[in-house]
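With my numbering applied, the sequence shown corresponds to residues 27 to 279, in that order. Structure first, then comments.
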Amino acid sequence: MHSHVDAHCHVDLLNDWQNAVNRLESREQFTLAVTTTPKAWRVEQEFARHCRYVRIGVGLHPQVLHERMAELPFLERAIGESRFVGEIGLDGSPMYRAGFPDQVKALRRVFSVCAEVKWRVLSLHSVRAVGPLLDLLEETNAHEGNVVIFHWFTGSATELARALSMGAMISVNADMLRTAKGRSHALVAGPERTLTESDAPFTRMHPLVDGIPSVEPAIRALADCWGVSVLVAANGVEQLARQYWQPNYRLYR
Ligand SMILES: [Zn+2]
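The structure is reproduced here in structure tokens:
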């Protein structure tokens, strides 16, 4: 049996998330369960302490940041204790535009902490804001010594090239791979830089199977996109994830 990889999902938004964590762990599904607030992370991290496959990311989602700016110092401290960080990022959609300057300020601080502590795996939200996000990475050097993963990348080809040149990876879901742009991004990023995700419960193509998100649709779509068998695609993604999820993983650059 081989392990599937879900590099971005919201396990805490599922019914009975504790049970989901246990099931994902027993299935050996490499999972980055992102959180939207550092308070949620604290609770979930405690629960998933024993896990080797399910990792809880400490996050502060850009869409809730405006009402939770006060939790930023807590997030900064928590990054010191958590190898996995997310969901963090920027959202430049019209609905969140007013808070954009605060998002940038917060992310600059978060990236600065990551740049200092290093050895972190970051799952990034970058809706209509890939350029400013890459600028912040460059400014803080957070991409040096950390693994930076753009989840559901929707930027341009030029922005993707820039992200890849900075060592970034992408995580793709089946909804993303339905679009020509999404498939082109996965082709360009290639097996060296692509992980699968479900982004459950926000995707249409990733149903829950026995109460946990299935990443099968992403693997199948990715295999199709790369022109390889499902097994080859799944193995490649698994090997990539294994390096980062394993407790003794180190970054050599
Ligand atoms: Zn998300």
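Cβ coordinates follow ideal geometry from the N, Cα and C atoms, glycine included.
Practice problem: Pull up the DSSP beta-bridge partners for PHE56, would you. | Solution: The count along the sequence shown starts at 1 and reaches residue 56 at position 30. Its beta-bridge partners are VAL31.
Exercise. Say yes only if the C-beta of GLU223 is nearer than 6 Å to one or more non-hydrogen atoms of ligand 3, and no if none qualify.
Key: Inclusion of ligand 3 in the displayed structure is not the case, the ligand content consisting of ligand 1 alone.
Quiz item: Got a sec, what are the start and stop residues for the alpha helix (DSSP H) GLU72 sits in?
Solution: Your numbering for residue 72 matches position 46 in the sequence shown. Per DSSP, GLU72 belongs to the alpha helix (DSSP H) from 64-73.
Quiz item: Beta carbon of GLU70: closer than 6 Å to some heavy atom of ligand 1?
Solution: Translated into positions along the sequence shown, residue 70 becomes position 44. Outside the cutoff, so no.
Quiz prompt | GLY106 (DSSP reduced to helix, strand or coil) | solution = The residue labelled residue 106 in the question sits at position 80 within the sequence shown. In the three-state scheme derived from DSSP, where H, G and I count as helix and E and B as strand, GLY106 is classed as coil.
Quiz prompt | Collapsed DSSP secondary structure at GLY83 in the structure displayed | solution = To locate residue 83, count along the sequence shown from 1; it is residue 57. Of the three classes helix, strand and coil, the one that applies to GLY83 here is coil, per DSSP.
Exercise. State yes or no: is the beta carbon of GLU223 nearer than 7 Å to at least one beta carbon in chain C?
Key: Checking the listed chains, one finds no chain C in this structure; it contains a single protein chain.
Quiz item: Where TYR270 and PRO233 are concerned, what is the direct C-alpha to C-alpha distance, given to the nearest angstrom?
Solution: Along the sequence shown, read from residue 1 onward, the residue named residue 270 stands at position 244. Along the sequence shown, read from residue 1 onward, the residue named residue 233 stands at position 207. So the two alpha carbons sit approximately 26 Å from each other.
Quiz item: Relative to the C-alpha of ARG154, which residue among VAL173, ALA141, VAL147 and PHE126 is closest?
Solution: Taking the sequence shown and counting its residues from 1, one reaches residue 154 at position 128. Nearest option by C-alpha distance: PHE126.
Quiz item: What are the start and end residues of the alpha helix (DSSP H) that includes LEU221?
Solution: Within the sequence shown, residue 221 is the residue found at index 195, counting from 1. That residue, LEU221, is in no alpha helix (DSSP H); its beta strand (DSSP E) goes 220-222.
Self-check item: Collapsed DSSP secondary structure at ARG279 in the structure displayed
Solution: Here residue 279 refers to the residue found at position 253 when the sequence shown is read from its first residue. Since pLDDT at ARG279 reaches only 33, below the 50 mark, its modelled position is unreliable, and no value is offered.
Practice problem: Mark VAL136 as exposed unless 16 or more other C-beta atoms lie within 10 angstroms of its C-beta, in which case mark it buried. | Solution: Here residue 136 corresponds to residue number 110 of the sequence shown, with the count starting at 1. Answer is buried; the Cβ neighbour count reaches 16.
Quiz item: With 16 other CB atoms within 10 Å as the buried threshold, where does ALA259 fall?
Solution: Residue numbering aside, residue 259 sits at position 233 when the sequence shown is read from its first letter. ALA259 should be labelled buried.
Practice problem: May I ask you to report which of helix, strand or coil DSSP gives PHE228? | Solution: In the sequence shown, residue 228 corresponds to position 202, counting from 1. Note: PHE228 maps to coil in three-state DSSP.
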